[in-house]
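Novice:
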Amino acid sequence: SRTYTGLISAFAKAGKFDRAYGLLKEMRTQGAAPDTVTYNVLIDSLGPAGRTSEAEALVEEMLRQGLQPSMSTYSILMKHFGREKQWDKAEEAFQNMQRAGIRPDVVVYGTLIDAFGRAGEWGRAEHVFEDMLSSGVDGNAAVFNGLIMAYGKSRQADKAKAILQRMNRAGIAPTVVTYNSILDAFAREKRVEDMEAVFRNMLLGEYSPNLITWNTLLKGYGEVQRMKSLDETLRKMALSGVEPD
RNA sequence: GCGACCUUUA
154 SRTYTGLISA
164 FAKAGKFDRA
174 YGLLKEMRTQ
184 GAAPDTVTYN
194 VLIDSLGPAG
204 RTSEAEALVE
214 EMLRQGLQPS
224 MSTYSILMKH
234 FGREKQWDKA
244 EEAFQNMQRA
254 GIRPDVVVYG
264 TLIDAFGRAG
274 EWGRAEHVFE
284 DMLSSGVDGN
294 AAVFNGLIMA
304 YGKSRQADKA
314 KAILQRMNRA
324 GIAPTVVTYN
334 SILDAFAREK
344 RVEDMEAVFR
354 NMLLGEYSPN
364 LITWNTLLKG
374 YGEVQRMKSL
384 DETLRKMALS
394 GVEPD
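Residue numbers are given in my numbering: position 123 of the first sequence equals residue 276, and the series is strictly consecutive.
Given below as structure tokens:
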């Protein structure tokens, strides 16, 4: 059954859905029942293909087969809805999960915060964050980063940057993603001086810029046509020898 | 064996 799941995952991620589905049928005839993970990997692969409704149908099928969607199933679905900016659907899945008796963990909360943030619903993102804390679930860097993105997307770079203080108080170390998200927030507002200040702090903090860091800086300089800075950044990027993570 | 965050739904 795990062998089939692995194969299905490989085909589905390669966009060969017909083959993946074929294997799903084959499993049954072989008496190797698809389990929750089998469905999860399939559902996950359908998102990037823009086949979210098919993913929903698979969840229905799981239920019909008597399989309980797991917390991963819900977070995968919520992630896809979030990427489609369907925050209401993400929230609905979140509620369905709780109705099924599953208590959300930090990943699920993070996914919901992200879904709200992508849709520009920063107030809802904040609310969920507070709910998470009241439920006794501690935030981690990914969750704080999601909040930062929510502010950045809604043009509130100062609030995005202020999250650093909140993380510090919570004893959560920023990550490269944290810095990249704040850089992006300033880039969006064309505030390149602020962006540079954040970048300097990042380096002082011994963080290594990754490809996304450089691309974000380039985006910021591009916004204001700072050709000289663009040029310097391209040079530094080449010197740094970055590779995609 | 599967789940959340950054440039980039291009």
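Don't be surprised by glycine CBs; every beta carbon is placed ideally from N, CA and C.
It should be emphasised that the depicted structure is a prediction, and the values quoted were computed from it without experimental measurement.
Return the chain-ordered ranges of every alpha helix (DSSP H) run that is complete within the region 302-387 and spans a minimum of 4 residues.
Specialist: The region 302-387 contains these whole alpha helix (DSSP H) runs: 310-323, 329-341, 345-357, 364-376.
Novice: Determine contact between the region 335-351 and the region 318-325, defined as no fewer than three beta-carbon pairs at a distance below 8 Å.
Specialist: In short, these stretches do not touch, since the Cβ pair count stays below three.
Novice: Could you check whether Y360 and Y135 sit closer than 8 Å to each other, using their CB atoms as the reference points?
Specialist: It is not possible to answer for residue 135, since the shown part of the chain is limited to 154 through 398.
Novice: The alpha helix (DSSP H) with Q248 in it runs from where to where?
Specialist: Residues 240-252.
Novice: Identify, in the order they occur along the chain, each residue of the same chain with its Cβ nearer than 6 Å to the Cβ of Y227, setting aside the five sequence neighbours on each side.
Specialist: A246, M250.
Novice: Please classify K306 as buried or exposed, where buried requires at least 16 neighbouring CB atoms within 10 angstroms.
Specialist: Result: buried.
Novice: Compare the Cα-Cα distances from L392 to each of I196, T369, P362 and report the closest residue.
Specialist: Of the candidates I196, T369, P362, the one whose C-alpha sits nearest the C-alpha of L392 is P362.
Novice: Are the CB atoms of Y192 and L211 within a distance shorter than 8 Å?
Specialist: Yes, these two residues count as a Cβ contact at 8 Å.
Novice: Would you identify the three-state DSSP class for E396, choosing helix, strand or coil?
Specialist: Reduced to three states, the DSSP call for E396 is coil.
Novice: Using only the alpha-carbon positions, how far apart do G254 and S223 sit?
Specialist: The straight-line gap from Cα to Cα measures roughly 11 Å.
Novice: Applying the criterion that 16 or more other CB atoms from any shown protein chain within 10 Å of the CB defines a buried residue, is P187 buried or exposed?
Specialist: The residue in question, P187, is buried, as its Cβ has 16 or more Cβ neighbours within 10 Å.
Novice: If the criterion is Cβ atoms closer than 8 Å, does the pair A315 and E342 meet it?
Specialist: The answer is no: Cβ separation not under 8 Å.
Novice: Let me know the alpha helix (DSSP H) ranges lying completely inside the region 192-229, each 4 residues or longer, listed in chain order.
Specialist: Counting whole runs of 4 or more residues, the region 192-229 contains the alpha helix (DSSP H) stretches 205-217.
Novice: Among the residues of its own chain, which have a CB less than 6 Å from the CB of S382, if the five just before and after it don't count?
Specialist: Same-chain partners within the cutoff: Y374.
Novice: When you measure from the CB of A323 to every non-hydrogen atom of the ligand GDP, does any distance come out below 7 Å?
Specialist: This structure lacks the ligand GDP; in fact it carries no ligand of any kind.
Novice: Just to confirm before moving on: does the CB-CB distance between K372 and A340 stay below 8 Å?
Specialist: In this structure, A340 lies closer than 8 Å to K372 by Cβ.
Novice: What whole-angstrom Cβ distance do R236 and R271 have, given they're in contact under 8 Å?
Specialist: With a Cβ gap of about 7 Å, R236 and R271 count as contacting.
Novice: Helix, strand or coil, according to DSSP, for G263 in the structure here?
Specialist: Reduced to three states, the DSSP call for G263 is helix.
Novice: Express the C-alpha separation of V345 and I161 in angstroms, rounding to a whole number.
Specialist: Whole-angstrom Cα-Cα distance: 46 Å.
Novice: So, is S288 buried or exposed, given that buried needs 16 or more other C-beta atoms within 10 angstroms?
Specialist: Label assigned to S288: exposed.
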